[in-house]
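Q:
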Amino acid sequence: MSVWGVCALALLSQAPVKTPAPPAVPPAAAPVAPPVRENGWSALTPEQRAALIADKAESPLAERLLGMSEKFLDTPYVLSPLGEGQGVDPDPTFRLDAVDCLTFVEESLALGLAKGEPEVPALLERIRYASTPTYEDRNHLMEAQWLPNNIKKGLLVDVTRRYAKADTVSVTKTLTAHTWQSKSSLALRLPRERQPVGTFTLDMIPLDKVLEHARGVASGTILVVMREDLPLKATRITHLGFVVQKKKRTYLRHASRGGYNRVVDEDLETFLARNARYDKWKVTGVSLFEARRPPATLASQPAPAQGRADVGTP
Numbered sequence: 001m002s003v004w005g006v007c008a009l010a011l012l013s014q015a016p017v018k019t020p021a022p023p024a025v026p027p028a029a030a031p032v033a034p035p036v037r038e039n040g041w042s043a044l045t046p047e048q049r050a051a052l053i054a055d056k057a058e059s060p061l062a063e064r065l066l067g068m069s070e071k072f073l074d075t076p077y078v079l080s081p082l083g084e085g086q087g088v089d090p091d092p093t094f095r096l097d098a099v100d101c102l103t104f105v106e107e108s109l110a111l112g113l114a115k116g117e118p119e120v121p122a123l124l125e126r127i128r129y130a131s132t133p134t135y136e137d138r139n140h141l142m143e144a145q146w147l148p149n150n151i152k153k154g155l156l157v158d159v160t161r162r163y164a165k166a167d168t169v170s171v172t173k174t175l176t177a178h179t180w181q182s183k184s185s186l187a188l189r190l191p192r193e194r195q196p197v198g199t200f201t202l203d204m205i206p207l208d209k210v211l212e213h214a215r216g217v218a219s220g221t222i223l224v225v226m227r228e229d230l231p232l233k234a235t236r237i238t239h240l241g242f243v244v245q246k247k248k249r250t251y252l253r254h255a256s257r258g259g260y261n262r263v264v265d266e267d268l269e270t271f272l273a274r275n276a277r278y279d280k281w282k283v284t285g286v287s288l289f290e291a292r293r294p295p296a297t298l299a300s301q302p303a304p305a306q307g308r309a310d311v312g313t314p
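Going by full-length UniProt numbering, the first residue of the sequence shown is number 1, and it counts up by one from there.
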């Protein structure tokens, strides 16, 4: 199974990753494991973590997201670290010691939205699944599932056009039966009746226009990276993270599989320049989404299987 760019495989295939068993070696020849970086969560006791999540729970959501996501800095990158704890993907349903680009954003959202630690599991479930916490019902595909489902639930608002105005362009991703015959699409292991088909539309800021608008984007905004549309790829979104404005520069806080292999604050200009050099699957631009607190009626109820929810509050 190939890896597409920095985090493409984590977005397209969240199935469990099978690692072949290492060959047996004499104890004396066993390699020394590299040191594990500590993040801001690892030093906290359970009581301190609970107090942190409950502290200033009514603060503006962007501030909450910045605080929670900052605790993940230096967290090791691990492809598809979360699952359902059983079945197709038995990985744990929640962890703070490893993330990929998608689970980093999902867990930061759940922690930031929670008024207390007991709310985190239900919020994470609402973000990760269309309705029920099963592998088949997980929001695997960004354009067809993760983004539209979380917009319907009032958790996200597309703010791309708000920031880019006339530089915004409309793009699409079309999924067909032919798409689901490709090796990468089949890797999702979804039954045919659960394979989304159709055309999904998004606003996008072209790659060469992003820096012109970057300084105006509010900290805590979710930035997703989009590549050119390839018919056999089930997504064109391959990465995401949080915009962070500091020291008169714009950064992307993200779980990077590249040279960092951990969660970092990377200068956005550096990040975009690197992405502009990809030639096998070209990066075309970015989209921007603002997180919202869900309406009270939704916050305490199971996620709807379909339908539209009212937009929440920042």
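Just so you know, even glycine gets a beta-carbon here, dropped at the ideal spot from N, CA and C.
With a floor of 3 residues, list each beta strand (DSSP E) that falls wholly inside the stretch 131-189, ordered by position along the chain.
A: Runs found: 156-158, 169-175.
Q: Quick check: what's the CA-CA separation for Gln145 versus Ser182?
A: Their backbone Cα atoms lie some 19 Å apart in a straight line.
Q: Could you tell me the distance, in whole angstroms, from the CA atom of Pro148 to the CA atom of Ala130?
A: Going by the C-alpha atoms only, they are around 10 Å apart.
Q: According to DSSP, simplified to helix, strand and coil, what is Thr199?
A: In this structure, Thr199 counts as strand in the three-state DSSP scheme.
Q: Please name the residue, chosen from Gly241, Pro76, Glu193, that lies closest to Asp137 on a Cα-to-Cα basis.
A: The shortest Cα separation from Asp137 among Gly241, Pro76, Glu193 belongs to Glu193.
Q: Take the Cβ of Gly67 as the centre, count every other Cβ of all protein chains shown within 10 Å, and call the residue buried at 16 or more, exposed below.
A: Burial call: buried.
Q: Starting from Arg253, trace the beta strand (DSSP E) in both directions and tell me its first and last residue.
A: That run of the beta strand (DSSP E) goes 249-256.
Q: Span of the alpha helix (DSSP H) holding Phe271?
A: Residues 268-276.
Q: Under 6 Å Cβ to Cβ from Asn275, same chain only, skipping five residues before and after it: list those, please.
A: Same-chain partners within the cutoff: Val283.
Q: Under 9 Å between the Cβ atoms of Tyr163 and Val217?
A: Yes; because the gap between Cβ atoms is below 9 Å, this pair is in contact.
Q: Per DSSP, what kind of secondary structure is Lys246 in: helix, strand or coil?
A: It is a strand residue.
Q: Across the stretch 174-191 and the stretch 203-223, are there enough close Cβ pairs to call them in contact, namely three or more that are closer than 8 Å?
A: Judged by Cβ distances under 8 Å, the stretch 174-191 makes no contact with the stretch 203-223, as fewer than three pairs qualify.
Q: By the three-class DSSP mapping on this structure, what secondary structure does Asp208 have?
A: If DSSP states are grouped into helix, strand and coil, Asp208 belongs with the helices.
Q: Inspect the beta-carbon positions of Arg37 and Thr75 and report whether they are closer than 9 Å.
A: Cβ distance < 9 Å, so Arg37 and Thr75 count as in contact.
Q: Who pairs with Asp55 in a beta bridge, going by DSSP?
A: Answer is none; Asp55 lacks a bridge partner.
Q: If you pair each beta-carbon of the stretch 248-259 with each one of the stretch 95-106, do three or more pairs fall below 8 Å?
A: With a cut-off of 8 Å, the stretch 95-106 and the stretch 248-259 count as touching, because enough Cβ pairs lie within range.
Q: Take residue 315 and list the residues in its own chain whose beta-carbon comes closer than 8 Å to its own, dropping the five residues that flank it on each side.
A: The first residue shown for the chain is 1 and the last is 314, placing residue 315 beyond what the model contains.
Q: Could you check the C-alpha separation between Glu125 and Ala57 for me, to the nearest Å?
A: Whole-angstrom Cα-Cα distance: 19 Å.
Q: Determine the contact status of Ser219 and Gln245, defining contact as a CB-CB distance below 9 Å.
A: It is a contact, given that the beta carbons lie within the stated cut-off.
Q: Can you tell me the Cα-Cα spacing of Gln195 and Tyr135, whole angstroms?
A: So the two alpha carbons sit approximately 12 Å from each other.
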